[in-house]
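Per mature numbering (1 follows the signal peptide of the UniProt record, and there is no 0): the sequence shown = residues -17 to -1, 1 to 222. All C-beta atoms, glycine included, are put in the ideal place defined by N, C-alpha and C. Since the structure is predicted, the reported quantities are computational estimates derived from the model, not experimental observations. Inspection log for the structure reproduced underneath, given as structure tokens.
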Amino acid sequence: MRFVLFLFITLFFTACSQKVETTTTTTSGKGFAYYPAGQLSPSNSGTGRLGDNYIYAPGIRFPIESAPAYINSQVYGVGGYLGPKGSLCDKQNYIYPWHDNYCEKRGWTMPLCSGGKGHQGVDIRTATCEKSKYYAVAVEDGVITYIGSYTVKLRGKSGRTYRYLHLDSKSVQVRKGQNVKRGQRMGLVSNNMGSTPTSIHLHFDMKQTIKVGNSSKSVFVPPYASLVEAYKRLLDGNP
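And the structure:
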């Protein structure tokens, strides 16, 4: 009897974790749907933070100027170096539902991920597989603290630090030390990663000080739930 009860509970929570959430959208986001935070895809891509629906960055603007956009794995998706063979521009990479990829198997030290390593943020594809066409924008008012060959860092008024990776360096419209406003254009999304090949996408992550164990640490926190809420506002015309 105990085994049967355990099996029922396991199946129940498994079914719940695989539920796809949907929302009514505008034409640009027609059919928007997303898997819960922490549910990674495919299954061999790692272990996410299932059940962590906390919105670490409430009220932020979605980091890509216009919809649609697609959060999914660049490494384990079609054409990724650990994914199914095919083109990085395959239509399967440009459909809903979204899949979280924070804590995906990567080599970075990550205190909030299973095993202490993982992907520091999430990867977001733009509406189409065209580089240097779609703008990344500031998610909140703040100051630009760093500009690299393909990276821009923004420290928001909230105290959080946001990183934007794979921008077209020639298109960057901000400079170090500049104050920026929420929604301001920063640069165009591309596949720029120096000499390392990658897909056309924006890597976006958030770092803030939270309690980890018995101490407070500045760590990369899960952005997925915050981005779902921000995207809904974008689709509703209230970015």
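A straight line joining the alpha-carbon of E48 with that of V120 spans about 6 Å.
Burial state of V3 is exposed, judged by a 10 Å Cβ sphere holding fewer than 16 other Cβ atoms. Ranked by Cα distance from T179, the first of Q75, D35, Y37, Y133 is Y133.
With respect to the C-alpha of V211, the residue from S115, G42, G29, L23 having the closest C-alpha is G42. In the same chain as G14, and ignoring 5 residues on each side of it, the C-beta atoms closer than 6 Å to its own belong to Y79, in chain order. According to the DSSP assignment, R32 belongs to no alpha helix (DSSP H), since it is labelled neither H nor E. When only Cα atoms are considered, L217 and V204 end up about 22 Å apart. Counting the other Cβ atoms within 10 Å of the Cβ of R158 gives fewer than 16, which makes it exposed.
With a threshold of 16 other beta carbon atoms within 10 Å, V195 falls short and is exposed. Cβ neighbours of N36 within its own chain (closer than 7 Å, five residues either side excluded): A20, A208. DSSP, read as helix, strand or coil, puts K100 in strand. The continuous stretches of beta strand (DSSP E) do not include V172, and DSSP gives it neither H nor E.
Membership of V202 in the beta strand (DSSP E) is indicated by the continuous run 198 to 204.
Where L217 is concerned, there is no enclosing beta strand (DSSP E), although the alpha helix (DSSP H) around it starts and stops at 207 to 218. The Cβ-Cβ distance between D124 and K140 falls below 7 Å. Each of G90, N55, P46, S115 was checked against the Cα of K153, and the nearest Cα belongs to S115.
Counting along the chain, the unbroken beta strand (DSSP E) around G125 starts and ends at 125 to 130. With 16 or more other CB atoms across the displayed protein chains lying within 10 angstroms of its CB, E87 is buried. Take P25, set aside five residues on each side of it, and the residues of its chain with a beta-carbon closer than 6 Å to its own are Y59, in chain order. T128 is positioned such that its CB atom lies no closer than 7 Å to that of R143.
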